[in-house]
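When you read off a place in the sequence shown, starting at 1, and then add 1, the result is the number in the numbering used here.
In this text, a Cβ means the ideal position worked out from N, Cα and C, and glycines have one as well.
Note sheet for the following structure.
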Amino acid sequence: MLTQEIIREKAREYGADLIGFGDVALFDGTDPRRDPRSILWNATCIIGFAIRVPRALYETAERGYQYMNLTQMGVKVIDEEFSEIFLLKMARLIENAGYDACVQRRVSNLKIKGDMTQNPEVMDTYELIHAEPVSADKPAPEIIIDFAQAAEICGMGKKGRSGSILTPAFGPFQRFVFLITNMPIEQFDKPFTDNLCDSCGACEKACKGHAISENGLDTWQCSVYYRGAHESNPYMTDEILKDEPDREAILKGEKRFDRESARAIYPKLSFLPMHLTGYAPMLCGKACDLACYRHLKEVGKL
Ligand code: SF4
Ligand code: SF4
């Protein structure tokens, strides 16, 4: 008989570093377009898995030595390769036992209608403005669960000011996948209630693009500096952005970008190849996450 313990063991064997079992009833009140029960009508549980990202990749970028490995191994490979194989193996385990297993990898480049944020990790995102429900009793497709909400319900961690999900094991250095199932569950994990983020502002200070404030992450501002608009980018040359009247303010991280102005400047920020993978090179080294990790270590939360 398939038990939660077997799922935990197998998930670890297949490469997950953290595992949590969340009660789908805790999604009550959630927008149906983000509710796992809109994906699997008789769902009982959402299982969260976190895959650790090596911290040294960020430190290497901070020192200015290497950025592509961080982008490829820290984002693309985990989301596009590792997670998919991992989820398919976990789904096989659960479906062989007679239950359904809806696998949920990160939907990197789609946003539900009305979600006007950006995902700085990808070349661009597409808002599903034309999505209409197939019948009156159903929400419009695609259903895209909120990974931060799901991680919290699975008892794994909580979103900090920087927008990253923080866990007591790895701080901001992991990526998540989920699986929605109708398998009966004996014991759900308790939702995560700790406040790992103490609003220290270290992430805010570390971001050269001033993309973080006490209101959280400005994803459009982040997307511009993530791909290297700052003068600290070692690939920056005098030619790049030379026709921009605000060039100096841009390079110093002082100009504010919104959806239109960010998208207008993307084509001018071409430093490392991204067309083959669709993932933007992480030329800010995600300094916000490294600063957060160091802070959490310093105050004994990790
Ligand atoms: S650096 Fe401080 S403010 Fe930023 S997410 Fe981490 S704990 Fe929160
Ligand atoms: S450090 Fe990079 S990832 Fe973090 S908020 Fe700034 S631009 Fe975005």
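query: Relative to the C-alpha of Asn120, which residue among Ser233, Val225 and Lys302 is closest?
result: Residue mapping note: residue 120 aligns to position 119 of the sequence shown, counting from 1. Put simply, of Ser233, Val225 and Lys302 the residue whose alpha carbon is nearest the alpha carbon of Asn120 is Val225.
field: C-beta contact flag for Asn234 and Phe189 at 8 Å
entry: Mapped onto the sequence shown, residue 234 falls at position 233. Mapped onto the sequence shown, residue 189 falls at position 188. No.
- request: Output the residue ranges of the beta strand (DSSP E) runs that lie fully inside the stretch 42-110 and measure 3 residues or longer, sorted by chain position.
  value: 46-53 and 102-105
message: If you reduce the DSSP assignment to three classes, tell me which class Lys160 lands in.
response: On the sequence shown, residue 160 is found 159 positions in, with the first residue counted as 1. In the structure shown, Lys160 sits in a strand (DSSP, three-state: E or B).
query: Is there contact here, the stretch 83-98 with the stretch 173-182, by at least three beta-carbon pairs under 8 Å?
result: yes
- prompt: Helix, strand or coil: how does DSSP classify Tyr267 here?
  reply: Start at 1 with the first residue of the sequence shown, and residue 267 comes out as number 266. It is helical.
query: Nearest to Cys198 by alpha carbon, out of Gly210, Ile166 and Gly229?
result: Along the sequence shown, one-based indexing puts residue 198 at 197. Selected option, being the one with the closest Cα: Ile166.
- prompt: Taking all protein chains shown into account, do 16 or more other C-beta atoms lie within 10 angstroms of the C-beta of Ile130, making it buried, or fewer, making it exposed?
  reply: Counting from one through the sequence shown, the residue named residue 130 turns up at place 129. Ile130 is exposed by the Cβ-count criterion.
query: Secondary structure at Leu197, three-state DSSP: helix, strand or coil?
result: Mapped onto the sequence shown, residue 197 falls at position 196. Correct three-state label for Leu197: coil.
field: Any non-hydrogen atom of ligand 2 within 7 Å of Arg213 CB
entry: Looking up residue 213 in the sequence shown gives position 212. The question names Arg, yet the displayed sequence has Ile at residue 213. Because some heavy atom of ligand 2 lies under 7 Å away, the Cβ of Ile213 counts as near it: yes.
For ligand 1, residues whose Cβ lies under 6 Å from any non-hydrogen atom: Gly161, Arg162, Ser163, Cys198, Asp199, Ser200, Cys201, Gly202, Ala203, Cys204, Ala292, Cys293 and His296
- prompt: Sorted by chain position, which residues of the same chain lie with C-beta nearer than 6 Å to Glu187's C-beta, five sequence neighbours on each side aside?
  reply: Here the question's residue 187 lines up with position 186 in the sequence shown. So the list is empty, once near-sequence residues are dropped.
task: Could you tell me which of Thr72, Gly49, Arg264 and Ala170 sits nearest to Tyr59, measuring between CA atoms?
output: Locating residue 59 in the sequence shown gives position 58, where the first residue counts as 1. That would be Thr72, whose Cα lies nearest to the Cα of Tyr59.
query: Terminal residues of the continuous beta strand (DSSP E) containing Asp24?
result: Residue numbering aside, residue 24 sits at position 23 when the sequence shown is read from its first letter. Residues Leu19 to Asp24.
query: Cβ-heavy atom distance between Phe287 and ligand 2 below 7 Å?
result: The residue you call residue 287 lines up with position 286 of the sequence shown. Strictly speaking, residue 287 in this sequence is Lys, with Phe absent from that position. Yes.
message: If contact is defined by three or more beta carbon pairs under 8 Å, each pair taking one atom from either stretch, is the stretch 16-27 in contact with the stretch 252-264?
response: Using a Cβ-Cβ distance cut-off of 8 Å, the stretch 252-264 and the stretch 16-27 are not in contact, since fewer than three pairs of beta carbons, one from each stretch, lie closer than that value.
query: Within 10 angstroms of its Cβ, does Leu6 collect 16 or more other Cβ (buried), or is it exposed?
result: Start at 1 with the first residue of the sequence shown, and residue 6 comes out as number 5. Before going on, a small fix: residue 6 reads as Glu here, not Leu. Exposed, by the Cβ-count rule.
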